[in-house]
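Novice: Anchor point for the first sequence: position 517 equals 517 in the UniProt record's numbering, and the numbering is continuous, going up by one each time.
Note that beta-carbon positions come from the ideal geometry of N, C-alpha and C, so glycine has one too.
Keep in mind it's a predicted model, so treat the numbers as computed, not measured.
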Amino acid sequence: MLNSTHNVENPIFQKNFFNDFQAIIKKTGGAKDPQGKPIQIKEFSKCDFRTIFEHYEKLRAEKKAMSAAEKKAAKAEKDAAEAPYMYCMWDGRKQKVGNFRVEPPALFRGRGEHPKTGTVKTRVMPEQITINIGKDAPVPAPPEGHRWKEVRHDQEGTWLAMWQENVNGNYKYVMLAANSDVKGQSDYKKFEKARELKKHIDRIRKDYKKGLKDELMVNRQRATAVYLIDQFALRAGNEKGEDEADTVGCCSLKFEHVTLKPPNTVVFDFLGKDSIRYYDEVEVDPQVFKNLKIFKKPPKKEGDEIFDRLTTSALNKHLSSYMPGLTAKVFRTYNASYTMATLLKKMSATGTTPEKVKQYNDANREVAILCNHKRTVAAGHADQMEKLSDRIKGLQYQKWRIKQMILALDPKIKKKKGAAYFELDEDLDMEWIKEHQAFLAEELRQKIRKKFDKENEKRAADGEKEMKAKELEERLKAADELEAKYKRENKTKKVEAEGRGPTVEKFEGQISKIDQRIENMLLQAEDKENNKEVALGTSKLNYIDPRLTVVFSKKFNVPIEKFFSKTMREKFDWAIKSVDEDWEF
DNA sequence: CTAAGGACTTGGCATGAGCCGT
DNA sequence: ACGGCTCATGCCAAGTCCTTAG
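#1: Report the partner residues of I39 according to the DSSP bridge assignment.
#2: Rounded to a whole number of angstroms, what is the C-alpha to C-alpha distance between G463 and I448?
#3: Going straight from the alpha carbon of M1 to that of F18, what length do you get?
#4: Does the beta-carbon of Q446 have 16 or more other beta-carbons within 10 angstroms, so that it is buried, or is it exposed?
#5: How many whole angstroms separate the CB atoms of I129 and A161, which I take to be in contact at a CB cut-off of 8 Å?
#6: Decide if the segment 296-315 is in contact with the segment 166-178; the criterion is three or more beta carbon pairs, one per stretch, under 8 Å apart.
#7: What number of angstroms, rounded off, separates the C-alpha of K571 from the C-alpha of H146?
#8: With a threshold of 8 Å, are at least 3 pairs of Cβ atoms found where one atom belongs to the segment 382-397 and the other to the segment 423-440?
#9: Do you know whose CA, among T51, K71, I24, K193, lies nearest R123's CA?
#10: If the criterion is Cβ atoms closer than 8 Å, does the pair V248 and V266 meet it?
#11: Considering only residues of the segment 326-366, which uninterrupted beta strand (DSSP E) runs meet the minimum length of 3 residues and lie entirely inside it, listed in chain order?
#12: Nearest-angstrom Cα distance between V182 and K450?
#13: Given this structure, state the Cα-to-Cα distance separating S578 from E196, to the nearest angstrom.
#14: Quick one: is P546 buried, meaning 16 or more other Cβ sit within 10 Å of its Cβ, or exposed?
#15: Does the distance from the C-beta atom of E150 to that of K374 stay below 8 Å?
#16: Judging by CA-CA distance, which residue of G237, Y360, P262 is the nearest neighbour of N316?
#17: Is it the case that the Cβ atoms of V97 and A194 are separated by a distance below 8 Å?
#18: Run through the segment 71-97 for me and flag every whole alpha helix (DSSP H) of 4 or more residues, listed as ranges in chain order.
#19: Is the segment 212-229 in contact with the segment 348-356, if contact means three or more CB pairs nearer than 8 Å?
#20: With a CB to CB cut of under 6 Å and the five nearest residues on each side skipped, what residues in its chain are close to D33?
#21: Check whether the Cβ atoms of residue 595 and K206 lie closer than 8 Å to each other.
#22: Does the separation of the CB atoms of I12 and G112 fall below 8 Å?
#23: So which of T503, N10, R569 has the shortest CA-CA distance to I413?
#24: Distance, Cα to Cα, residue 639 vs Y278?
#25: Looking only at its own chain, which residues have a Cβ that is under 6 Å from the Cβ of E496, when we skip the five neighbours before and after it?
#26: Output the distance between the C-alpha atoms of N132 and H153, rounded to the nearest integer angstrom.
#27: Report buried or exposed for H318, applying the criterion of at least 16 other Cβ atoms within 10 angstroms of its Cβ.
#28: Ends of the beta strand (DSSP E) at W163?
#29: Please go through the segment 122-166 and give each complete beta strand (DSSP E) segment of 3 or more residues, from N-terminal end onward.
#30: Mapping the DSSP letters down to three states, classify R375 as helix, strand or coil.
#31: Which residue comes first and which comes last in the alpha helix (DSSP H) that contains L63?
#32: Start and end of the beta strand (DSSP E) containing V282?
#33: In the DSSP output, what is V534 paired with across the bridge?
#34: Cβ atoms of R459 and K465: under 8 Å apart, would you say?
#35: Would you grab the beta carbon distance between A336 and S565 for me? Rounded to a whole angstrom, and I think it's under 8 Å.
#36: Just reading off the beta strand (DSSP E) that L260 is part of, what are its end residues?
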């Protein structure tokens with residue numbers, strides 16, 4: 001991780017790591033110099049860990065350098081070693097296990113400004129691990145010379161093994177994979193619960209609207225919080241400890257996270273789960289605005305909680321009075337799925353498959369934005385967009401040339417199709433075209449060289465004589481000719497018909513193919529740009545009722561594979577086989 | 001009531017397999 | 001067949017929420 005400068009330069013990371021490092025050095029007999037004399041290690045900045053880093057770099061390089069056959073063999077070996085742990089028997093049925101590997105030792109990183117970043121996460125020993133297994137099942141043997149912490153026969157829990165991690169004292173569980181029966185059932189239950197909320201939502205909304213004016217401050221705070229959770233899909237916001245990153249949700253919002261702009265605009269600006277920034281400027285119900293103003297009234301100041309009379313458990317207790325099992329997070333599921341359902345319903349079934357997929361993704365994106373699912377813009381995003389637009393332009397240019405070839409075959413077509421048809425696209429100018437032509441020529445040269453080298457390699461291998469450099473030069477002339485041809489075309493604005501037996505029909509066929517490719521790439525480009533800082537995966541995986549996607553797929557006749565990957569199809573198997581196209585959320 | 005314990009879902013991101021255009 | 005790139009997948013951290021203890 002020496003290349004992970006973002007972490008390594010963080011002073012908290014350094015301090016936490018160095019404390020643990022010194023303790024471990026001490027515990028393992030102290031440090032020695034090359035002569036074997038004991039020495040004290042006192043300063044992090046004087047330590048050079050590069051040899052460790054280089055060691056791992058070397059291993060990486062070796063792995064990368066393996067031949068395809070070696071890689072295949074290594075993978076087969078790994079698969080064989082893992083095979084016994086991949087599945088378990090659950091009530092007599094074979095089920096896939098999710099995370100069957102214990103987490104290896106590492107430096108804890110955490111997200112955001114985590115006070116414990118850099119701490120050494122130690123190796124988990126069998127003595128720390130509790131096994132949960134059927135009463136009559138044979139207990140798997142711990143590693144030689146070790147024993148399990150405990151063997152339990154808990155019928156209620158869904159975990160197979162459990163341990164406590166040393167950095168934060170969190171529990172870690174080995175559970176079944178997402179495609180297992182238990183996980184599928186609980187997923188189904190989750191969405192059914194959200195659907196049930198539909199029957200109560202009007203009453204709840206009416207109630208909290210009324211509650212916004214409640215005399216009792218506790219109730220008024222509660223109603224305001226439910227309003228925010230329902231309208232803006234905020235998380236519940238449990239209290240957090242001193243030794244965790246400072247993030248908030250609804251109930252833990254602080255004074256400085258909410259700015260009021262009269263008459264009724266509210267600006268939210270805070271770090272939510274995973275220290276992801278939530279920023280939104282919204283108009284709210286006038287009474288909500290008034291309430292927030294009251295909740296922020298002096299002597300309240302920065303650092304104080306807005307909902308000081310409210311806890312998540314009180315809020316959830318209240319919610320459960322409307323409907324058993326109703327909690328804050330159900331609103332997120334409900335509103336996400338409801339939004340998706342509404343958007344999908346509005347769609348028309350016209351267009352090509354990529355267009356329908358894009359429409360679906362657009363709806364998916366709206367849900368992701370609602371849930372504030374973000375990602376950092378990929379490092380090469382701008383470059384990638386540039387490249388994509390160049391490829392589109394390249395196709396437009398290619399199309400223009402083919403059109404000129406049609407004219408070369410039959411100049412009379414110009415009148416028939418209209419002159420505009422044969423004009424250059426407006427985003428192509430001569431400067432770009434010249435650059436592009438140079439690029440195409442260079443590309444051709446590279447190709448020729450590569451082919452030449454390859455043929456020579458083959459000749460050498462077969463014991464034949466290699467071709468001379470002269471031959472390469474000869475071949476490279478093709479690129480020069482191409483350049484000359486472009487030059488001529490630039491001058492005369494005419495393009496000779498290329499290919500064997502060129503006909504207008506053939507060219508038109510090529511053009512419509514290019515048109516289709518351009519269309520697809522434009523969609524792709526738009527999607528990419530819109531998605532640069534929105535993560536669609538989380539909402540698709542956890543919030544949008546998969547049955548909505550199945551219905552859309554059936555109704556609009558788009559294969560489900562366009563929306564769900566293989567693992568997702570397995571996870572949502574219960575949904576895929578349960579609904580027809582009339583199903584509604 | 002609060003705090004801690006415990007079990008489960010949700011979340012972003014690194015990575016590596018496989019896909020796609022050439 | 002190959003290399004670049006995309007996207008699926010695994011990883012594990014960080015939430016939610018229930019239960020239990022005091």
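Specialist: In this structure, then:
#1: Counting from one through the first sequence, the residue named residue 39 turns up at place 39. Answer is A31, bridged to I39.
#2: Along the first sequence, one-based indexing puts residue 463 at 463. Along the first sequence, one-based indexing puts residue 448 at 448. Roughly 22 Å between the two C-alpha positions.
#3: Here residue 1 refers to the residue found at position 1 of the first sequence. Here residue 18 refers to the residue found at position 18 of the first sequence. Model confidence at M1 stands at a pLDDT of 40, short of 50, so the residue's coordinates are unreliable; what they give is reported in the following sentence. If I take the Cα positions, the gap works out to 15 Å.
#4: On the first sequence, residue 446 is found 446 positions in, with the first residue counted as 1. Per the 10 Å Cβ criterion, exposed.
#5: Looking up residue 129 in the first sequence gives position 129. Looking up residue 161 in the first sequence gives position 161. Rounded, the Cβ-Cβ distance is 6 Å, consistent with contact.
#6: no
#7: Position 571 of the first sequence, counted from the first residue, corresponds to residue 571. Position 146 of the first sequence, counted from the first residue, corresponds to residue 146. The straight-line gap from Cα to Cα measures roughly 36 Å.
#8: yes
#9: On the first sequence, residue 123 is found 123 positions in, with the first residue counted as 1. R123 has its Cα closest to that of I24, out of T51, K71, I24, K193.
#10: On the first sequence, residue 248 is found 248 positions in, with the first residue counted as 1. On the first sequence, residue 266 is found 266 positions in, with the first residue counted as 1. Going by C-beta atoms, V248 is not nearer than 8 Å to V266.
#11: none
#12: Taking the first residue of the first sequence as 1, we reach residue 182 at position 182. Taking the first residue of the first sequence as 1, we reach residue 450 at position 450. About 55 Å.
#13: In the first sequence, residue 578 corresponds to position 578, counting from 1. In the first sequence, residue 196 corresponds to position 196, counting from 1. Distance between the alpha carbons of S578 and E196 is about 18 Å.
#14: One-based indexing of the first sequence puts residue 546 at position 546. The residue in question, P546, is buried, as its Cβ has 16 or more Cβ neighbours within 10 Å.
#15: Walking along the first sequence from the start, residue 150 turns up at place 150. Walking along the first sequence from the start, residue 374 turns up at place 374. Going by C-beta atoms, E150 is not nearer than 8 Å to K374.
#16: On the first sequence, position 316 is the one that residue 316 refers to. Of the candidates G237, Y360, P262, the one whose C-alpha sits nearest the C-alpha of N316 is G237.
#17: Locating residue 97 in the first sequence gives position 97, counting from the first residue. Locating residue 194 in the first sequence gives position 194, counting from the first residue. Cβ atoms of V97 and A194: not closer than 8 Å.
#18: none
#19: no
#20: In the first sequence, counting from the first residue as 1, residue 33 sits at position 33. Cβ within range, chain order: I39.
#21: Because the chain is modelled from 1 through 585, residue 595 falls outside the range shown and cannot be assessed.
#22: Position 12 of the first sequence, counted from the first residue, corresponds to residue 12. Position 112 of the first sequence, counted from the first residue, corresponds to residue 112. No, the pair does not count as a contact, with Cβ atoms beyond the cut-off.
#23: Taking the first sequence and counting its residues from 1, one reaches residue 413 at position 413. Ranking the options by Cα distance to I413, first place goes to T503.
#24: This structure leaves residue 639 out entirely; the chain is present only between 1 and 585.
#25: Position 496 of the first sequence, counted from the first residue, corresponds to residue 496. These residues qualify, in order along the chain: A408.
#26: Residue mapping note: residue 132 aligns to position 132 of the first sequence, counting from 1. Residue mapping note: residue 153 aligns to position 153 of the first sequence, counting from 1. Distance between the alpha carbons of N132 and H153 is about 5 Å.
#27: Within the first sequence, the letter at position 318 stands for residue 318. Label assigned to H318: buried.
#28: For the purposes of this step, residue 163 is identified with residue 163 of the first sequence, where counting begins at 1. Start and end: 161-164.
#29: 130-132, 150-152, 161-164
#30: For the purposes of this step, residue 375 is taken as the residue at position 375 of the first sequence. R375 falls in the coil class under three-state DSSP.
#31: On the first sequence, residue 63 is found 63 positions in, with the first residue counted as 1. Per the sequence shown, residue 63 should be read as Lys rather than Leu. 50-65 is the extent of the alpha helix (DSSP H) around K63.
#32: Counting from one through the first sequence, the residue named residue 282 turns up at place 282. Residues 277-283.
#33: The residue labelled residue 534 in the question sits at position 534 within the first sequence. K374.
#34: The residue labelled residue 465 in the question sits at position 465 within the first sequence. The residue labelled residue 459 in the question sits at position 459 within the first sequence. Closer than 8 Å, so yes.
#35: By 1-based counting over the first sequence, the position of residue 336 is 336. By 1-based counting over the first sequence, the position of residue 565 is 565. Not confirmed; about 20 Å, so no contact.
#36: Counting from 1 along the first sequence, the entry for residue 260 is found at position 260. Counting along the chain, the beta strand (DSSP E) containing L260 begins and ends at 258-261.
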